[in-house]
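Residue numbers for the sequence shown follow this note's numbering, so the first one is 453 and each next one is one higher. Glycine included, each C-beta is placed from N, C-alpha and C at the ideal position. Please read the structure below before turning to the comments.
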Amino acid sequence: MGIEEFVVKGKNDLDLSCFKILPEGEIKGVVQLFHGMGDHKKRYHPFAKFLAKNGIAVYAHDHRKHGKSVNNPEEIGIFTKEDTWKDVLLDCNFVNRRIQKDLPDVPIIIIGQSMGSIIARKYISNYESVPKMAILMGTLPPIGMGRAWVPLFLNAVVGIFKKDKRLPFIAKILNDPLNKSFTIKRTKFDWLCNDIRIVDKYIDDPLCGFAYSKRFYKEFINAMMDVNKSDVILETNDIPLLFISGKDDPVGDFGDGVKKVRELYSGHGYTQLTHKLIEDTRHEILCEKGKNDTFRYILEWINSNL
């Protein structure tokens with residue numbers, strides 16, 4: 453039951469770095485996992501191993517210009533004119549086809565963390581392979597009237613820059629407000645997790661916490677706005693959806709934003725919705741000290757919907 457690494461050809465012939473882990477016995481389902489911003493697939497190994505021990509296979513890949521899905525390390529975070537949000541989604545579909553080839557007729561469960569949840573929400577409304585269910589972790593809420601200026605401002609700012617290079621000051625604009633709600637601040641990434649060991653490991657990891665190029669920020673801002681539109685939500689099949697987040701996660705407005713996302717779906721007629729907030733947990737629910745309880749909750753939810 454070891455982790456096997458492999459490559460899938462993505463859009464524009466980019467090599468997508470992937471891993472899979474299969475249960476030793478019967479395979480009840482298979483998770484396709486989408487990681488978040490400034491993140492990569494290897495950080496999900498403990499969760500993947502837990503699921504595999506309990507009969508659930510896991511496939512994950514590094515999104516383009518993340519982790520090992522680059523032609524060289526200098527490309528991490530640098531979206532060029534050849535990298536669009538549509539390409540990110542197409543990459544996910546190429547991996548999905550590999551899963552269907554390897555494990556035909558096995559129910560597919562989509563799991564997305566943070567940015568990965570935005571990808572997941574668009575993916576389940578947009579592609580021919582309808583998953584059995586989806587789990588949206590740490591998802592981002594709709595942009596309210598009080599913040600309507602944010603995407604307009606960021607789009608205007610990134611439009612000033614001509615070259616495809618990292619923009620640390622944009623990363624700072626997006627990151628700093630997330631830490632403001634915490635009285636004790638040790639690092640700029642305290643909002644990620646209560647476990648300081650995880651935060652320090654994240655900071656020390658060259659594949660984490662990087663700034664992106666203007667094209668990425670523009671694509672991501674538009675993607676965040678897109679997934680909350682009625683037409684996108686209405687295109688989604690009425691499959692079981694789990695909205696799960698840390699109660700102390702500023703990305704999800706400390707639970708209020710995640711509730712609004714769930715209400716968006718219920719307001720459009722979706723009926724198989726579960727909303728779970730985890731106490732004493734920030735953004736990375738799979739990395740907190742109480743992660744084993746979270747692992748078990750997710751497994752139980754999957755099993756109840758297979």
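Reduced DSSP category for M597 - H, G, I as helix; E, B as strand; rest coil: In this predicted model, M597 has a pLDDT of only 45, less than 50, meaning its place in the structure is not dependable enough to derive any value.
Residue environment, M597, which counts as buried when at least 16 other CB atoms sit within 10 Å: Legend: pLDDT at M597 = 45, less than 50; position of this residue unreliable, no value from coordinates given.
Under the three-state DSSP convention, the category D467 falls into: D467: strand per DSSP, three-state reduction.
8 Å contact criterion, which G529 and S566 should meet: CB distance rounded: About 15 Å; that fails the 8 Å criterion.
Identity of the residue in Y749, S697 and N680 nearest L716 by Cα: Of the candidates Y749, S697 and N680, the one whose C-alpha sits nearest the C-alpha of L716 is N680.
Whether K533 touches H513 by CB criterion (8 Å): A distance of 8 Å or more separates the beta carbons of K533 and H513.
Other residues of its chain near I473: CB distance less than 6 Å, five sequence neighbours each side excluded: I455, A500, A504 and V510.
Buried or exposed (CB count within 10 angstroms, at least 16 for buried), L588: Looking at its Cβ environment, which holds 16 or more other Cβ atoms inside 10 Å, L588 is buried.
Minimum C-alpha distance to S521 - residue among L466, N757 and W753: The option with the nearest alpha carbon to S521 is L466.
Assumed close pair E593, V710 - CB separation to whole angstroms, cut-off 8 Å: Inspection of the sequence shows that residue 593 is occupied by Pro rather than by Glu. Contact between P593 and V710 is confirmed by a C-beta separation of about 7 Å, below the 8 Å threshold.
Cβ pair Y654, G661 closer than 8 Å: In this structure, G661 lies closer than 8 Å to Y654 by Cβ.
contact_flag[the segment 572-582, the segment 539-555] where n(CB pairs < 8 Å) is 3 or more: Yes, the segment 572-582 touches the segment 539-555.
Best match in H727, E740, A586 and A663 for proximity to F621 [C-alpha to C-alpha]: With distances taken between Cα atoms, F621 lies closest to A663.
Alpha-carbon to alpha-carbon, P658 and Q552: Taking the straight line joining both Cα atoms gives about 33 Å.
Residue(s) in a DSSP beta bridge with I560: Beta-bridge partners of I560 (DSSP): V482.
Where I691 falls: helix, strand or coil (DSSP): Correct three-state label for I691: coil.
Under 8 Å between C-beta atoms of G507 and S469: No. Outside cutoff.
Cβ shell of I447 (< 6 Å), same chain only, five flanking positions each side left out: No information on residue 447 is available, as it lies outside the stretch 453 to 758 that the chain covers here.
C-alpha gap between K640 and N631, whole angstroms: Whole-angstrom Cα-Cα distance: 7 Å.
Sequence-distant residues of the same chain with beta carbon closer than 6 Å to K615, five excluded per side: Listed in chain order, the non-local C-beta contacts of K615 below 6 Å within the same chain number zero, local neighbours out to five positions each way being set aside.
Residues near L751 by beta carbon distance below 8 Å, same chain, minus five either side: Sequence-distant Cβ neighbours of L751 in its own chain, meaning closer than 8 Å and more than five residues away, are F502, L503, N506 and I508.
Top-ranked residue by Cα proximity to R649, from F531, R748, G488 and E736: The residue with the shortest Cα to Cα distance from R649 is E736.
Under 8 Å between C-beta atoms of V540 and I561: No; because the gap between Cβ atoms is not below 8 Å, this pair is not in contact.
Through-space distance from I691 to Y722, alpha-carbon basis: If you draw a straight line from the Cα of Y722 to the Cα of I691, it comes to about 8 Å.
Every unbroken alpha helix (DSSP H) inside the segment 513-585 [4 residues or more]: Whole alpha helix (DSSP H) segments, 4+ residues: 537-554 and 567-578.
Nearest residue (CA-CA) to D745, options V703, S756 and D732: Nearest C-alpha to D745 among V703, S756 and D732: D732.
Integer Cβ distance of L758 from P475, believed to fall under 8 Å: No, L758 and P475 are not in contact; Cβ-Cβ is about 13 Å, not under 8 Å.
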